[in-house]
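Visitor:
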Amino acid sequence: MRSGPARPRTGSSTSWSATGGSTRRQPSTSGSSPRWSASARSWTRSCSGATEPLPPRDPVGPVARHGRPRTSSAAGIPLPVERPTRGPHRLVIAGVLLLGSTLAAVYLSLLTWWLVPASRGPNFPKIMMTYVTAYWLWAAAAPLVVWVARRFPIPSPGRLRNWGVHLLALHLIVGAVLVVHGLIQFAGLQLTPRPLGQAIQRAIALAAPEFLLIYLVLLLSAVAIDYFRKYKDREVRTAQLEANLQQAKLAALQSQLNPHFLFNALNAVSALMYRDVEAADAMLARIGELLRLTLAADGSHEIRLSEELELLERYLDIERIRFADRLAITVDVPDATLEAHVPPFALQPLVENAIRHGIAKRSGGGQVLVSARQVADRLQLRVVDDGPGLTAGKVREGIGLRNTRDRLQQLYGGAQQLSFRRPDSGGLEVLVELPWRT
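All you need for my numbering is the position in the sequence shown, starting with 1, plus 119.
(1) Give a yes or no on whether the C-beta atoms belonging to residue 289 and residue 346 are separated by under 9 Å.
(2) Residue 244: buried (16+ other C-beta within 10 angstroms of its C-beta) or exposed?
(3) Going by the CB atoms, is the gap between residue 337 and residue 257 shorter than 9 Å?
(4) Would you mind stating whether residue 472 and residue 502 have Cβ atoms separated by less than 9 Å?
(5) In this structure, does DSSP put residue 545 in helix, strand or coil?
(6) I need the DSSP call for residue 389, collapsed to helix, strand or coil.
(7) Using a Cβ-Cβ cut-off of 6 Å (strictly less than) and excluding sequence neighbours within five positions of residue 267, which residues of its own chain qualify?
(8) If we count Cβ pairs, one from each stretch, closer than 8 Å, do we get three or more for the region 376-396 versus the region 421-429?
(9) Once you ignore the five residues that flank residue 282 on each side, which residues in its own chain have a CB closer than 8 Å to its CB?
(10) Given that a residue counts as buried once 16 or more other Cβ atoms are within 10 Å of its Cβ, and exposed if not, what is residue 404?
(11) When DSSP labels each residue in this structure, what does residue 557 get in the three-state scheme?
(12) In terms of residues, what are the limits of the alpha helix (DSSP H) holding residue 521?
(13) Would you say residue 330 and residue 296 are within 9 Å of each other, going by their C-beta atoms?
(14) For the region 420-504, which segments carrying the alpha helix (DSSP H) assignment without a break, of at least 4 residues, lie completely within its bounds, in sequence order?
(15) What is the DSSP secondary structure of residue 540, counted as helix, strand or coil?
(16) Compare the Cα-Cα distances from residue 343 to each of 551, 269 and 390 and report the closest residue.
(17) So, is residue 358 buried or exposed, given that buried needs 16 or more other C-beta atoms within 10 angstroms?
(18) Which residues share a DSSP beta bridge with residue 552?
(19) Helix or strand or just coil, what does DSSP make of residue 347?
(20) From residue 499 to residue 550, what does the alpha carbon distance come to, in whole angstroms?
(21) Are the CB atoms of residue 326 and residue 223 nearer to each other than 9 Å?
(22) Assuming residue 541 contacts residue 509 under a Cβ cut-off of 8 Å, what Cβ separation, rounded to an integer in Å, is found between them?
(23) Taking the beta carbon of residue 458 as the centre, do at least 16 other beta carbons fall within 10 Å, making it buried, or is it exposed?
(24) Excluding five sequence neighbours on each side, which residues of the same chain lie with their C-beta closer than 6 Å to the C-beta of residue 489?
(25) Applying the criterion that 16 or more other CB atoms from any shown protein chain within 10 Å of the CB defines a buried residue, is residue 430 buried or exposed?
(26) Can you give me the start and stop residues for the alpha helix (DSSP H) that residue 509 sits inside?
(27) Using C-beta distances below 6 Å, list every residue in its chain close to residue 392, excluding the 5 sequence neighbours before and after it, in chain order.
(28) Taking just the CA atoms, how far does residue 497 sit from residue 394?
(29) What are the boundary residues of the alpha helix (DSSP H) that residue 400 is part of?
(30) Is residue 292 helix, strand or coil when you go by DSSP?
(31) Does the separation of the CB atoms of residue 478 and residue 446 fall below 9 Å?
(32) Would you identify the three-state DSSP class for residue 303, choosing helix, strand or coil?
(33) Whole angstroms are fine: how far does the CA of residue 421 sit from the CA of residue 506?
(34) Between the alpha carbons of residue 303 and residue 261, how many angstroms are there, rounded?
(35) Let me make sure I understand the geometry here. Which of 492, 408, 411 and 292 has the alpha-carbon closest to that of residue 454?
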């Protein structure tokens with residue numbers, strides 16, 4: 120690519136106007152692209168022709184210049200994914216077990232006092248302590264039951280062996296708790312003094328059904344909690360895989376844009392080279408600047424609309440060289456929409472389609488209008504041309520349009536819309552609706 124003074128161009132006119140504010144911007148004699156100012160509420164630029172001198176652009180593009188990190192939501196841009204679930208701290212579990220067992224023991228003691236009149240009186244404290252010590256024993260044995268449930272899961276390939284382990288654990292754990300419970304009873308909680316052997320036998324006879332039920336409740340609770348945790352972890356892993364797949368699809372779709380644009384641009388340079396070598400040279404310079412700008416991007420799937428408009432302006436510089444005074448571009452974007460988030464290169468394929476199918480085939484050229492509006496919680500982007508419009512009610516989607524549609528679907532799902540219609544004045548209107556985010 121050659122360097123040197125900018126080639127003079129003729130037959131160009133540029134007008135600026137700002138509506139709704141007091142600031143007016145006069146056209147720059149150097150032909151530099153606009154900076155999207157916040158001084159006016161809305162602005163409009165109309166350009167016809169493309170042969171004024173082209174100064175060198177700022178090598179630092181809008182995407183590179185705004186280095187703030189970007190995040191996105193819904194729709195998959197990249198969203199933080201919840202990590203697999205982890206259990207609470209052991210001290211918390213111990214506290215919950217101790218508190219729960221104490222409350223259960225107090226409740227059963229009061230229930231016994233209410234239902235059994237003989238339990239009322241001086242023996243009630245011993246009855247309460249019998250329940251409390253029994254449930255504290257189960258609070259101490261609960262971690263062992265949970266460990267057995269996780270170490271030998273019942274829904275597993277070795278189901279028969281695990282059932283045998285659980286049957287053995289049931290006898291050992293319940294038997295051990297019963298024996299210790301009998302010893303505690305013998306130590307001072309008996310209502311009627313008995314020898315050690317009789318105390319243990321009585322404790323086993325009275326408490327075995329209840330202790331068996333407690334063991335089964337603990338076992339089934341551990342199985343249910345573990346199953347739920349595995350289910351949630353599987354959901355998280357699935358969400359992570361889907362997010363990674365979505366990121367890969369978006370990266371693949373976005374990577375298609377540069378080769379597609381470069382192919383079309385080089386074809387245009389090749390055709391222009393035979394008619395105007397200097398214009399072709401200027402076009403190559405602008406192509407290089409646009410590619411350098413895209414390479415400087417940080418890979419975000421969303422940028423501000425103001426940044427997208429600067430990307431579009433770089434592209435329009437190339438098209439103005441190509442079409443000269445046959446192309447008139449009007450960009451009407453209210454100042455309030457400049458901070459809205461849009462996918463990078465959301466407008467360029469739409470404008471390229473309008474120029475290629477609406478303007479290029481007409482000897483007299485034509486006009487293209489690019490506009491943006493906020494409607495409630497939606498951002499509406501419109502690209503309208505005055506070309507031949509729809510053919511048989513159908514739009515032929517090339518790589519650029521198809522890529523844009525796929526990217527919008529990946530990013531926003533059903534919250535986006537890309538539609539085509541023929542205005543009453545003729546031509547074609549392309550409407551993109553996105554969720555409003557700033």
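Built from N, CA and C at the ideal position, the CB exists for glycine as well.
Guide: Straight from the coordinates:
(1) no
(2) exposed
(3) yes
(4) yes
(5) coil
(6) helix
(7) 288
(8) no
(9) 273
(10) buried
(11) coil
(12) 518-531
(13) yes
(14) 424-442 and 467-473
(15) strand
(16) 269
(17) exposed
(18) 499 and 536
(19) helix
(20) 7 Å
(21) no
(22) 5 Å
(23) exposed
(24) 450 and 502
(25) buried
(26) Here residue 509 belongs to no alpha helix (DSSP H), and DSSP marks it neither H nor E.
(27) 399
(28) 45 Å
(29) 396-414
(30) helix
(31) yes
(32) helix
(33) 30 Å
(34) 19 Å
(35) 492
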